[in-house]
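**Student:** Residue numbers (my numbering), protein chains in the order written: chain X, 155 to 333; chain G, 14 to 122. Built from N, CA and C at the ideal position, the CB exists for glycine as well. Here the structure is a predicted model, which is why all the values come from computation and not from measurement. One structure, as structure tokens, below. Some questions next.
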Amino acid sequence: MPKVQLGRKTLLVGQCLFLDTSFLVSYRVPQESDHARAKAMMAQFLRLQQKGQVELWLSPIVFGETWWAMAQLLHGRSRWEALNPDDRKAVFRQHQSALEAMTQEFTDSGLFQIAAVESDDIAQTLALVVQPRPSLLPWDAYHTAVAERIGADTIVSKDRDFRDLDPALGIRVVSFGKT
Amino acid sequence: MGPREDSYTMSRHTFGFLYPLGGSAPNPTRRYVRFAASNTEITSVSGTYTRTSDDRAIPEDAAEAALLEMQYNEAWAALPPHYREWLDETAGTIEVDSEFDAADLPYAE
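If you want it as structure tokens, here you go:
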């Protein structure tokens with residue numbers, strides 16, 4: 155089984171890895187508390203990918219959620235909360251080109267696979283994901299459904315909500331977070 | 014409690030990374046940095062530092078950071094050029110507001 159070294163820990167991963175929003179944000183933002191961990195992990199993932207031992211998957215909704223988080227962070231919490239709904243929409247529109255640029259960076263690199271899953275397939279899979287775990291948040295349920303449809307055996311995330319996935323899905327969660 | 018020993022194996026790149034953290038002011042990283050500086054003349058690609066009970070000031074975070082940096086550098090060095098370029102161009106390249114607080118992130122507890 156492929157493995158990565160993260161500090162003093164050795165983490166076993168699967169062969170089809172779905173990288174979630176928390177991983178992308180941590181990798182891109184130097185101030186993020188787990189940035190160094192995500193960066194070390196990404197380099198090792200690419201090494202494994204280059205040797206043909208893993209596939210690295212992302213999805214459009216991961217890009218979208220990542221930029222949704224970035225839009226808030228780039229504006230600072232207090233300023234973000236002070237915005238009215240119309241202004242928030244305007245901020246998203248301003249960042250639309252940045253989102254597209256980030257998506258393009260990952261797509262053009264040729265290093266990642268981007269999941270293109272039909273909405274009907276997602277709808278059916280969401281039932282499998284959510285029925286045994288109705289408390290799963292919408293974003294997390296959607297990510298999990300995409301991961302299931304592409305055949306991912308691992309979700310890379312530090313989001314604790316993923317730790318409660320139904321074991322029947324056959325998807326393990328590898329956390330890169332320190333805690 | 015008896016002497017505690019931990020080994021850290023660091024690349025020369027890591028020495029270069031840690032050295033600028035030094036200076037005259039006493040701080041928790043100084044002992045660590047002094048070690049790095051005293052080993053800048055070695056010709057091999059790694060060195061080993063044995064920590065004893067006298068060195069409690071060395072923070073775990075600094076050791077963790079050095080290990081992560083080394084692990085990143087080793088993986089980076091083993092990759093083809095276009096992989097390296099992609100990492101260089103994307104890792105940590107989105108600077109956020111100075112108000113940044115990890116608790117603001119949507120996946121935070």
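With DSSP collapsed to three states, give me the class of Ile215(X).
**Tutor:** helix
**Student:** Determine the closest residue to Val109(G) out of Leu290(X), Tyr181(X), Leu265(X), Leu237(X), with distance taken between C-alpha atoms.
**Tutor:** Tyr181(X)
**Student:** Which same chain residues end up closer than 6 angstroms to Asp313(X) when comparing Cβ atoms and leaving out the 5 residues on each side of it in sequence?
**Tutor:** Ser176
**Student:** Can you tell me where the beta strand (DSSP E) with Phe199(X) in it begins and where it stops?
**Tutor:** Note, Phe199(X): premise wrong, no beta strand (DSSP E); alpha helix (DSSP H) at 189–204.
**Student:** Rounded C-beta distance between Trp89(G) and Ala197(X)? I'm assuming under 8 angstroms.
**Tutor:** 5 angstroms
**Student:** Taking the beta strand (DSSP E) that Arg326(X) belongs to, which residues open and close that run?
**Tutor:** 326–328
**Student:** Would you say Ala104(G) faces chain X, with C-beta separation under 8 angstroms as the test?
**Tutor:** yes
**Student:** Leaving out the 5 sequence neighbours to the left and right, which residues in its chain are closer than 7 angstroms to Ala194(X) when beta-carbon positions are compared?
**Tutor:** Excluding sequence neighbours, Ala194(X) sits near Leu160.
**Student:** Going by DSSP in three states, Leu280(X) sits in which element: helix, strand or coil?
**Tutor:** helix
**Student:** What does the Cβ neighbour count give for Met155(X), buried or exposed, with the cut at 16 atoms within 10 Å?
**Tutor:** exposed
**Student:** I'd like to confirm the pairing. Which residues does DSSP put opposite Phe172(X) in its beta bridges?
**Tutor:** Trp211(X), Ile309(X)
**Student:** Do we get a CB-CB distance below 8 angstroms when we pair Tyr296(X) with the residues of chain G?
**Tutor:** For Tyr296(X), the closest Cβ of chain G is not nearer than 8 angstroms.
**Student:** Would you give the residue range spanned by the alpha helix (DSSP H) that Leu165(X) belongs to?
**Tutor:** Segment 163–166 is the beta strand (DSSP E) holding Leu165(X); no alpha helix (DSSP H) there.
**Student:** In its own chain, which residues sit with a C-beta less than 8 angstroms from the C-beta of Leu265(X), not counting the 5 before and 5 after it?
**Tutor:** Leu200, Gln203, Leu210
**Student:** In terms of residue numbering, what span does the alpha helix (DSSP H) encompassing Gln159(X) cover?
**Tutor:** Counting along the chain, Gln159(X) falls outside any alpha helix (DSSP H), though it belongs to the beta strand (DSSP E) covering 157–160.
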